[in-house]
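Okay, so here's the structure we're looking at.
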Amino acid sequence: MADKEQIIRISGVNPLKCMKCGKCTATCPNYDEMEYHPHQFVYMVEHGEIDKLMASESVYKCLTCFACVERCPRGVEPAKLIEAIRTEAVRRQGCNRLKADDIPARIDDDMPGQALMMATRKYTR
Amino acid sequence: MNRIGVFVCHCGTNIAATVDVHRVAETLGKEPSVVIAKDYQYMCSEAGQNMIKDAIREYGLTGLVVCSCSPRMHEATFRKAAASAGLNPYLVEIANIREQDSWIHKDIEEATEKAVILGRTAIAKVQLNTPLTAGESPVTKRALVIGGGIAGIQTALDIAEAGFEVDIVEKQPTIGGKMAQIDKTFPTLDCAACILTPKMVDCAQNDKITIYSYSEVAAVSGFVGNFSVKIKRKARFVDETKCTGCGLCTEKCPQKKVPNEFNLGLDNRRAIYIPFAQAVPKVATIDPDYCNMLKNGKCGVCAKVCGAQAIDYKAQDTYVEQQYGAIVVATGFNPINIDAYDEYAYSQSQNVVTSLELERLMNAAGPNGGTLLRPSDKKHPKTIVFVQCVGSRCDDSRGKGYCSKICCMYTAKHAMLIREKYPDTNVYVFYIDVRTPGKNFDEFYRRAVEQYNVHYVKGQVGKVVPKSDGNLIVYGSDLIEGKRLVIDADMVVLAAAIEPDKSARSIATMLTASMDTNDFFTEAHPKLRPVESPTAGIFLSGVCQGPKDIPETVAQATACAGKVIGLLVKDKLTCNPCVAHSDELMCNGCSSCEKVCPYGAITYEEKGFRQPDRTTKMRRVAIVNEAVCQGCGACTVACPSGAMDLKGFANKQIMAEVDAICL
Amino acid sequence: MSVNNEFRPKIVAFCCNWCSYAGADLAGTNRLQYPADVKIIRVPCSCRVNPMFILRAFQRGADGVILCGCHPGDCHYTSGNYFARRRMTLLFSMLDYLGIEKERTRVEWVSAAEGAKFAATMNDFVDTVTKLGPNRRLEDLRCKN
C-alpha cells in the first residue's frame, strides 16, 4: 500500500496548494504519451490513489522537463511529485527498472544525448 | 489612595472559553487599591457599561481597568462610559485579553495566568494615570483628492455637492483615468465614455472643484483637519488659461512618431497632444521627451499655428501650496507587466494583447476606429482565445497572489461583444473558475455562454507559439473532457492582473498611510471602516484599496465623500491629549527634543525662575505646542535631563508596566 | 511556572500602536498561536521606547526584549522608527558588551497587515531566547519583591 504521506514527504510537494487550473497539463510536451497527466498526478496524490499512478507507464514517460514546475501559478511542482512516485516504485522493485545491458537496444538515433543522461537518472537508482 | 475597579469581560465565549474569567476577576480583586473586581458576559453591552458606571459612582473609583478585547476596538467605548459617570476618560486602561490572549492560546491554565499578568500590568499603569483634558484644533474646510479617475471624480463631485471646496490632483494631462480608456461597461454594455464624460465636464464646471491636471503631490505635512500640501504642476509648455483646445497644433506638429499612451502604444500621436477628444481640461500638452523645439531648439510650428498664443517653450514646473482638512487617495491601478510570462508570447507577437489593449482595439475612438482588426496585419481575427488569471492568483514572483476581481466579467463582456459584432468568430475562454458575484453578473456570464455561444473551457493555456503568418498555436487543457486542445488562433487576449499604481507607494509614505504587502492601502477596519485609512484624515477611494469594478468603485467613492463631509462640517476637532509635556524645572534648554520632533511642535522660551536667594534667573526652556504635537514620544527619549514626558504614556507608567510583567 | 520546571522565558514586547500592536491584534483575529511568554506593552511609537525601559526589564529578570515598529518609511509619525532603529542598534551592542547576548534583543518591523509575521516573529524569538536559557546577567535581586 503506497503511502500518500510518504510521497508528499519525499517530494516536498503540497498537493493542497493546487487550484486545479490545468496549466501543467496544458504545457506538458509529452501529453499524448501519458496516461495520467500532471494535474491528475497532483489530484490523485491528494486523494491517495498512489498505487494506480505507480502502476502506470506515465511515471516513466514524464520527461522531467520541469515545464509544469516552471509554469504552475501556485508553485505546486508536479514534476517533483512524479519523480517521488518513480523513486518509490524503483525502491519497491528493489532494483533498477532497466539493466545497463538493456539500454543500447532501446537507444533511438534521434534521441539527444541529454535525454540519455536523463534516462539514466530516471531508470536507475 | 487610589480606588480602582476591575471588570473582566467574557466576550461570550471568545474570552471565557480559554480564560477562566472568574479566577482572573478574583485574583485581580486582591491587588492593592482594587476596590471592586467583577466579570460579566459582555462588558461593551449597555448592561455591562451600566455596571461600570454604577461602580464608578458607588465606589468613587479613581481608576478603571477593563480586561476585554483590543483597546483599538473598545477603548473609546469604555472611556465614554467612564466620562458619563464622572470619571476622567483617561483614567481608563484596557487589558487586551482577547486578541493577545484567549484567541492565540489553547491551554486554559496558561491563558488565565497571562490574563492575570496583563490585568495586573494595566492596574500598575492606571495607578499612575492622570486626568487629561483634550484640546481642540480647527478644521480647514477644503479637501484634496489625489487621482482623477472615476473614483476621484465621484468623490470630488459628492464633496462639492455638500458645499465644500475640493481640489483634484491628476498626474496625466486629463482626468478620466482608466474608465476613459474602456469601451463598454458590464453588465449593461453601455458605453464608458457616454457615462463618464458628463461627470468629467461636471467637475470642470463646478465652481467648488479645482482640477490640477498634469500635477503631482510633492510634499505633505500637518495632520487631520490641518494638512498642508505642496502640489507640483509639471510644465505643460501650454498656457492652460489661453489654450482653447482647438487641436490645430496637434495636427501640424511634425513629430508624428510618439507612442500614444492613451491607446497603449497601439498607434502614434504627435509631440504636442490632447489625450482624447473629451479630455478635461481640453488643453494641449507638449511632451518634452519628443518635442524638437524643447530638445534642440529647432521647430516652433505649434507656436506659429496657435491663434491663442498659448505655447510657452520656457515654462517651468511650478508649485502650489494649499491647506486641506482631509485628503482622499484615489490613485487607482494599472495592469501588471506580463513580459515575464514568456509562455504566452506577449512580447513575441503583436497578436497577443492584454484586455485593456483589446478595449482600445474595439473602441470607436481607438486605433482602428472601432473595427476589431488584429495588430500585425489588420485582418479580421476569426479565432480568438481569451486566457484568464494571467498573473492573478499566482504565488510566484511573476504575478499577484490575489484575484483581480474584474477579469471574469470583462472577459465575458469582450467575448459577448465580439460574438455579437462578428458572429463568424470563434471565441474560446480558458478559465480556472468563473467568478461573477454581483448584481446581474452571473446572468451576464450565462448569456455569453447560452446566447452568444462563447466556448468556455475549464482549464488553462500552457503555451502560445507564434507562427510566421501571425497566427498563434495555443496549447490548452480541457480538464472536464480530459483532453488537450491545440487551437490555431488569430489572436490571444490575456486578462492581466491589476496592481496599484506605482505612485501609490510614495504617496503612502508622504501621508504616513499604511499599505499591505501588495501595495494596496490598508483600511482602518477591514469590515467596519472600509473607506478610511488608519491615519486620521486620510480616506480611500477606488482600487487603491483593493480590486473593484466600476459600480463598486463609485459606491466606495460616494461613501468616502460621506466620511470626508462628516469631517469637514465640524468646526473643531478634539485633539489627542496624550501629548508631550516638558517639566520647566528640569529642562535645561539643550534643544535635543526640537531636533527629533517631526512636527516642529517644540519651541523655546526665556523664562524667569525665582531662585532660593529671591533673585530671578532667566533660563531657556522647551515649550510644547499641544495642538501640533501628535504624541509620538521621540522627544521624551531624546531628552537627556528627563524633563520631557508623554501624557498617558509617561516614563513612570511604562516602567510600572515593565515591572508588572517581569514580576 | 510550569509543573515540570522546564524553562519558560519572560519576554517583553514593545509594540507601536499603529502598526505592530495592530499586527498583534490581527494575529489574534486570525488565531495564530504564539507562546504565552510574550507580554505586549503598547506604546504610541517605537521611538517612545526609552533604553531605560529595556534596561529595567532585564534588571527585573526579563529574558528577552523585542521592539516592534512600523516598516521603515511607514511610520505613523514619519520618522519615529528611524530614531528607534538608531537608538536600539547602539543600546543592543552595548548590552551585548555587558553580557546580554544580541539574540535576547531584537527590533522587528511588523505592519498592521502582517499578523502572520507577528506570530512567526514571536515564535522564533521565544525559541531563540529559550535556547539561550535564563538571563542572569543584569538581573538585580534588589528589584525583586
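Chains as they are written, first to last, in my numbering: chain E, 1 to 125; chain Z, 126 to 788; chain G, 789 to 933.
Backbone N, C-alpha and C define an ideal beta-carbon position, used for all residues, glycine too.
Since the structure is predicted, the reported quantities are computational estimates derived from the model, not experimental observations.
Item to check | Chain-ordered residues of the region 823-840 of chain G with a beta carbon less than 8 Å from chain Z | outcome: Here the close residues are Ala824, Lys827, Ile828, Ile829, Arg830, Val831, Pro832, Cys833, Cys835, Arg836, Val837, Asn838, Pro839, Met840.
Next on the checklist: My assumption, with CB atoms under 8 Å, is that tyrosine 398/Z sits in contact with threonine 366/Z. Please give the rounded CB distance.
Outcome noted: About 19 Å; that fails the 8 Å criterion.
Checklist entry - Taking only beta-carbon atoms, is cysteine 21/E less than 7 Å away from chain Z? => result Output row for cysteine 21/E: interface = yes.
Next on the checklist: Measuring only the C-alpha atoms, how far is leucine 788/Z from leucine 855/G?
Outcome noted: Rounded to the nearest angstrom, the two C-alpha atoms are 20 Å apart.
Next on the checklist: My parser needs the alpha helix (DSSP H) runs of 4 or more residues fully inside the region 371-459 of chain Z; what are they?
Outcome noted: Qualifying alpha helix (DSSP H) stretches, in chain order: 373-377, 417-421, 426-430.
Checklist entry - Is threonine 634/Z close to chain G, meaning its C-beta is less than 7 Å from at least one C-beta of that chain? => result Between threonine 634/Z and chain G, the shortest Cβ-Cβ separation is below 7 Å.
Checklist entry - In the DSSP assignment, what are the bridge partners of alanine 705/Z? => result In the DSSP output, where bridge partners are listed per residue, alanine 705/Z has Leu771/Z.
Checklist entry - In chain Z, which residues lie with their C-beta within 8 Å of the C-beta of histidine 39/E? => result Per Cβ cutoff of 8 Å: Ser602, Leu604.
Checklist entry - Can you tell me the Cα-Cα spacing of serine 338/Z and isoleucine 293/Z, whole angstroms? => result Serine 338/Z and isoleucine 293/Z: Cα-Cα distance of roughly 8 Å.
Checklist entry - In chain Z, which residues lie less than 7 Å from cysteine 807/G when you measure between Cβ atoms? => result Ser639, listed in chain order.
Item to check | Within chain E, partners of aspartate 332/Z - CB distance below 9 Å | outcome: Aspartate 332/Z does not reach chain E, its nearest Cβ partner there being about 50 Å away, counting only Cβ pairs nearer than 9 Å.
Checklist entry - What three-state label does DSSP hand serine 658/Z in the structure shown? => result It is coil, neither helix nor strand.
Item to check | Beta carbon of lysine 357/Z nearer than 7 Å to that of aspartate 442/Z | outcome: Taking 7 Å as the Cβ cut-off, lysine 357/Z and aspartate 442/Z qualify as a contacting pair.
Checklist entry - Residues in its own chain within less than 6 Å of valine 131/Z by CB, not counting five upstream and five downstream? => result Closer than 6 Å at Cβ, skipping near neighbours: Leu153, Val159, Ala162, Val190.
Next on the checklist: When you compare the CB positions of valine 617/Z and valine 510/Z, do they come within less than 7 Å of one another, or not?
Outcome noted: Pairing valine 617/Z with valine 510/Z gives a Cβ-Cβ distance under 7 Å.
Checklist entry - Helix or strand or just coil, what does DSSP make of cysteine 192/Z? => result Residue state, collapsed to three classes: strand.
Item to check | Test: valine 791/G CB closer than 7 Å to a CB of chain Z | outcome: Only weak support is given to the placement of valine 791/G: the predicted model assigns it a pLDDT of 48, under 50, and the question is left unresolved by the model.
Item to check | Contacts of glycine 75/E in chain Z (Cβ-Cβ under 7 Å) | outcome: Ordered by position in chain Z, the residues that pass the 7 Å Cβ test against glycine 75/E are Asp520, Asp521.
Checklist entry - Where does tyrosine 184/Z land, buried or exposed, given buried means 16+ other C-beta within 10 angstroms? => result Exposed, since its Cβ has fewer than 16 Cβ neighbours within 10 Å.
Checklist entry - Does any residue of chain Z bring its CB to less than 7 Å from the CB of arginine 125/E? => result Any reading at arginine 125/E must be qualified, since the residue scores a pLDDT of 48, below 50, and its modelled position is unreliable; the value itself is stated next. Any Cβ of chain Z closer than 7 Å to the Cβ of arginine 125/E would place that residue at the interface, and such an atom is absent.
Checklist entry - To the nearest angstrom, how far is it from the Cα of lysine 742/Z to the Cα of phenylalanine 734/Z? => result Their backbone Cα atoms lie some 5 Å apart in a straight line.
Checklist entry - Quick one: what's got a C-beta closer than 7 Å to aspartate 604/Z's C-beta in the same chain, skipping five residues either side? => result Checking the displayed sequence, the identity of residue 604/Z turns out to be leucine instead of aspartate. Closer than 7 Å at the Cβ level, and outside the excluded window around leucine 604/Z, lie Lys583, Gly584.
Checklist entry - Quick one, are the C-beta atoms of arginine 74/E and glutamate 468/Z less than 7 Å apart? => result Taking 7 Å as the Cβ cut-off, arginine 74/E and glutamate 468/Z do not qualify as a contacting pair.
Item to check | Terminal residues of the alpha helix (DSSP H) in which glutamate 730/Z lies | outcome: According to the DSSP assignment, glutamate 730/Z belongs to no alpha helix (DSSP H) but to the beta strand (DSSP E) extending over 727-735.
Item to check | Where glycine 495/Z sits in the DSSP three-state scheme | outcome: If DSSP states are grouped into helix, strand and coil, glycine 495/Z belongs with coil.
Checklist entry - Checking contacts by CB at 7 Å: is tyrosine 36/E closer than that to chain Z? => result For tyrosine 36/E, the closest Cβ of chain Z is not nearer than 7 Å.
Item to check | alanine 608/Z versus alanine 305/Z: straight-line alpha-carbon distance, rounded | outcome: Correcting the residue type first, residue 608/Z is lysine in the shown sequence and not alanine. Each residue's alpha carbon lies about 41 Å from the other.
Next on the checklist: Taking the straight line between their C-alpha atoms, what separation do you get for isoleucine 557/Z and isoleucine 612/Z?
Outcome noted: Cα atoms of isoleucine 557/Z and isoleucine 612/Z: separation of roughly 18 Å, rounded to the nearest angstrom.
Checklist entry - How far does the alpha helix (DSSP H) with lysine 357/Z in it reach, from first residue to last? => result DSSP places lysine 357/Z in no alpha helix (DSSP H) but in the uninterrupted beta strand (DSSP E) bounded by 351-358.
Next on the checklist: Would aspartate 912/G pass as an interface residue toward chain Z - the criterion being a Cβ-Cβ separation below 7 Å?
Outcome noted: Interface residue (Cβ-Cβ distance to chain Z less than 7 Å): aspartate 912/G is not classified as such.
Item to check | Cβ contact check for the region 803-812 of chain G and the region 856-870 of chain G: 3 or more pairs under 8 Å | outcome: By the Cβ rule, the region 803-812 of chain G counts as touching the region 856-870 of chain G, because three or more pairs are nearer than 8 Å.
Checklist entry - In angstroms, rounded to a whole number, what distance separates the CA positions of glutamine 114/E and valine 59/E? => result If you draw a straight line from the Cα of glutamine 114/E to the Cα of valine 59/E, it comes to about 19 Å.
Item to check | Residue of Leu636/Z, Gly667/Z, His135/Z minimising C-alpha distance to isoleucine 531/Z | outcome: When the alpha-carbon of isoleucine 531/Z is set against those of Leu636/Z, Gly667/Z, His135/Z, the nearest one is in Gly667/Z.
Checklist entry - Got a sec? Which residues, its chain only, sit under 7 Å from threonine 637/Z by beta carbon, not counting five neighbours each side? => result Here the set comprises Thr660.
Checklist entry - Is the shortest distance between the beta-carbon of tyrosine 31/E and the beta-carbons of chain Z less than 7 Å? => result For tyrosine 31/E, the closest Cβ of chain Z is nearer than 7 Å.
Item to check | Span of the beta strand (DSSP E) around aspartate 613/Z | outcome: Note, aspartate 613/Z: beta strand (DSSP E), 608-614.
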